[in-house]
Structures are given as C-alpha cells and as structure tokens.
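Residues 93 to 364 in our numbering are what the sequence shown spells out, letter by letter. Cβ coordinates follow ideal geometry from the N, Cα and C atoms, glycine included. Read through the structure below, which is laid out as structure tokens, and then see the notes.
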Amino acid sequence: MKRLPFSPWHLLLMPVALLFALPLVQMVLTAFMPDSDINRFPPRFIPSTLQLGGFIGLFTESSALRWLLNTVIVAAVAVVSHLILCSMAGYGFARLKFFGRGAGFLMIMATIMIPAQLLMIPTYVMFSRLGLVDTLAAAFVPWLASAFGIFLMRQFFLSLPAELEDAARIDGCSTFGVFWRVVLPLARPALATLTVFTLLGSWNDLIWPLIAISDESLYTIQLGLANFQGTRHTQWSLLMAGNVVATMPLIIAFVVAQRQFVATMTFSGLKG
Numbered sequence: 093m094k095r096l097p098f099s100p101w102h103l104l105l106m107p108v109a110l111l112f113a114l115p116l117v118q119m120v121l122t123a124f125m126p127d128s129d130i131n132r133f134p135p136r137f138i139p140s141t142l143q144l145g146g147f148i149g150l151f152t153e154s155s156a157l158r159w160l161l162n163t164v165i166v167a168a169v170a171v172v173s174h175l176i177l178c179s180m181a182g183y184g185f186a187r188l189k190f191f192g193r194g195a196g197f198l199m200i201m202a203t204i205m206i207p208a209q210l211l212m213i214p215t216y217v218m219f220s221r222l223g224l225v226d227t228l229a230a231a232f233v234p235w236l237a238s239a240f241g242i243f244l245m246r247q248f249f250l251s252l253p254a255e256l257e258d259a260a261r262i263d264g265c266s267t268f269g270v271f272w273r274v275v276l277p278l279a280r281p282a283l284a285t286l287t288v289f290t291l292l293g294s295w296n297d298l299i300w301p302l303i304a305i306s307d308e309s310l311y312t313i314q315l316g317l318a319n320f321q322g323t324r325h326t327q328w329s330l331l332m333a334g335n336v337v338a339t340m341p342l343i344i345a346f347v348v349a350q351r352q353f354v355a356t357m358t359f360s361g362l363k364g
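Right, here's the structure in full:
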C-alpha cells in the first residue's frame, strides 16, 4: 500500500479546519454583500455582486478610525507592559531566592481561579476613586500584568539551564545583566507567545470597557462595533466590515508569531 504524502491525521484535521474557517469566510463575504443580499431569506452565502458600501459606511458614518487607534494604544501598552513586568516577575520567581517566594507565587496563581466578573465592581470602585473611569487608561491598566503571564515566563525560565547564568556571573555580569543579556534573548519564543495571548485578550476585550467607558471618542473597536447591534435593527454590512477590520490585525500577528508560538510549546516552556 502506497504511503500518503502527509500524515493520516490530516484527513481528520482538514475538515475540522474548514469547519472553523467557515464563519470567518462568511464574515468576509457578508462584508462585501449589498444590503439586498444580507436581508434576503434564505440568506445567500455567495454575494450576487461585490461592493464596498459596508467599509465606506464604517469609516464615514462612525468613528471607526478613532476606535481602532484607541484599540491599538490599549493593545500596545498591554503587550509592552506584559513583556516587561511579567518577564521580570517570572525570572524573580524562577531564579531569585527570597523570603516568601513560594507563598507569593501560589497567591498569584490563586487569582487565576477568581472569576473576572467578581472583580468588576471592586475594580470599578477603585478606578472611580483614582479618577480613571471614562478614560483610556481604564481600558489598559487592568492589562499591565497578569498571573498567567508571570506563570508562563516562570515556567520557561525554569526550563533554561542554570549553567548559562552561572557562566555569565563568573564573567562579572550582574543579576540584571544576566537577565537582560543572557536570559531574555533565549526567551524569545515565550515572549512571542505572551505577546500573542496578551494581544488577543486586550484587543478583544469588551465587557470591562463597556462598564468603564461611556465617552464614544474613547471607545475601543469592539465596544464601537457593539453599537451597530440594536434591539430592533442591526447594521449588518457595517458590523461585518468592522469585524473584518478588527480581525485582520490579529490574524497577521498570529501568522508572524506562529513559529515562535509553536517553539515555546515544544521547548517545554509550559511543563511543571
């Protein structure tokens, strides 16, 4: 029997991949559909004609560019702060010896089990007293660091051989120098993975900005798109065009970081 040119698992994975890709394809096609095709019953999958009315309306009838800029700012601050704070905290818990290291790490990990919904009211009260409500800072401050990011970086640093750091210290490198010049360059796969997770979370966040922001000029793209959906009427062409605009940066980011993402999982960065 002739061997297949690919793994037999691909026979199962390809239909599953097509199943998951179908909503994305439908979203893109709907964004280019005229309203007559969108509102038709039964609905059409292939548009009768292609038009840019949804995209034109998105940028002329709404503040989509402003929302997109706000989202880029929130995501950029979230990613940069995660890379700095989580990597430093993860390295401290992985390599530095100090009193309460184990207890402190367990307390941080325990916060993962707390539902985010339980923290919204106390967080809102705290932000209100600090004057952060209805500001763009209200959207990115909760994303400055996370317990998952600290856990991911700690586990990756534990997988690195300590002999490399010892050799650097023998050469006269300080603790921060070891972290900056030796450890961080080796942690690029973990940093890329943390970037992807943080970008996805901060970019798609809707519930917290919905609570903390009421000024339309400060909306993120997800919060702005939610306004296209009403109780009696939904602007489907604008909504689908907005979803395409909001989704494309994430797809591009994942394609760029895909190799690093896979490298982290196979380099035992997540093992106990």
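Suppose you measure from the CA of ASP63 to the CA of PHE147; what does that come to, to the nearest Å? Residue 63 falls outside the range modelled here, since the chain spans only 93 to 364, and no answer is possible.
Looking only at C-alpha atoms, which of LEU252, TRP300, GLN321 sits nearest to VAL217? TRP300
So, at 8 Å on beta carbons, what are the nonlocal neighbours of TRP235 in its own chain, with the 5 sequence-adjacent residues on each side left out? VAL166, VAL169, ALA170, SER173, HIS174, THR290, GLY293, SER294, ASP297
Quick check: what's the CA-CA separation for GLU257 versus ALA181? 17 Å
How would you call VAL275, buried or exposed, if buried means at least 16 neighbouring beta carbons within 10 angstroms? buried
Other residues of its chain near THR122: CB distance less than 7 Å, five sequence neighbours each side excluded: ILE130, TRP328, MET332
Close Cβ partners of SER155 (< 8 Å) along its chain, the five nearest in sequence each way excluded: Scanning its chain for C-beta atoms nearer than 8 Å, with the 5 sequence neighbours on each side dropped, one finds around SER155 the residues GLU308, SER309, TYR311, GLY316, in chain order.
Going by the CB atoms, is the gap between ASN335 and MET119 shorter than 8 Å? Between MET119 and ASN335, the gap from beta carbon to beta carbon is short of 8 Å.
Given PHE191, which residues of its chain have a CB within under 6 Å of its CB, disregarding the five upstream and five downstream residues? none
What's the gap between the Cα of LEU144 and the Cα of PHE124? When rounded, the distance between both Cα atoms is 6 Å.
Look at the alpha carbon of GLY223 and the alpha carbon of MET201, and state the distance between them as a whole number of angstroms. 29 Å
Is it right to say PHE268 is buried, meaning 16 or more other beta carbons lie within 10 angstroms of its own, or is it exposed? exposed
May I have the straight-line CA-CA distance separating ARG193 from CYS265, to the nearest angstrom? C-alpha separation (whole angstroms): 23 Å.
Give every residue of the same chain whose Cβ lies closer than 7 Å to the Cβ of ALA239, excluding the five residues on either side of it in the sequence, and list them in chain order. ILE200, MET201, THR203, ILE204
Which of helix, strand or coil does DSSP assign to GLN62? In the structure as shown, the chain begins at 93 and stops at 364. Residue 62 is therefore absent and cannot be evaluated.
Give a yes or no on whether the C-beta atoms belonging to ARG246 and ALA208 are separated by under 8 Å. For the 8 Å CB-CB criterion, ARG246 and ALA208 do not form a contact.
LEU142 versus PHE112 - alpha carbon distance: 24 Å
Can you tell me whether THR326 is helix, strand or coil according to DSSP? strand
Please report the Cβ distance between SER179 and LEU283, rounded to the nearest whole angstrom; I am assuming they are in contact, meaning their Cβ atoms lie under 8 Å. 7 Å
Would PRO281 be called buried (16 or more neighbouring beta carbons within 10 Å of its own) or exposed? buried
Can you have a look at GLN321 and say buried or exposed, based on whether 16 or more other CB atoms are within 10 angstroms of its CB? GLN321 should be labelled exposed.
Cut-off 6 Å between Cβ atoms - residues of its own chain near VAL225, not counting five sequence neighbours on either side: PHE219, ALA304.
Could you work out which residue in GLN350, ALA338, LEU330 is closest to THR152 when comparing CA atoms only? LEU330
Taking the alpha helix (DSSP H) that ASP127 falls in, what are its first and last residues? According to the DSSP assignment, ASP127 belongs to the alpha helix (DSSP H) that extends over 127 to 130.
Can you check the segment 127 to 200 for any alpha helix (DSSP H) of at least 4 residues that lies completely inside it and give the ranges in chain order? You should have 127 to 130, 145 to 152, 156 to 173, 179 to 187.
When we look at the beta-carbon of GLN350 and count the other beta-carbons within 10 Å, is it buried (16 or more) or exposed? The residue in question, GLN350, is exposed, as its Cβ has fewer than 16 Cβ neighbours within 10 Å.
How many angstroms separate the CA atom of PHE271 from the CA atom of ARG136? 56 Å
Please list the terminal residues of the continuous alpha helix (DSSP H) segment that includes ALA279. Boundaries cannot be given for ALA279, as no alpha helix (DSSP H) includes it and DSSP labels it neither H nor E.
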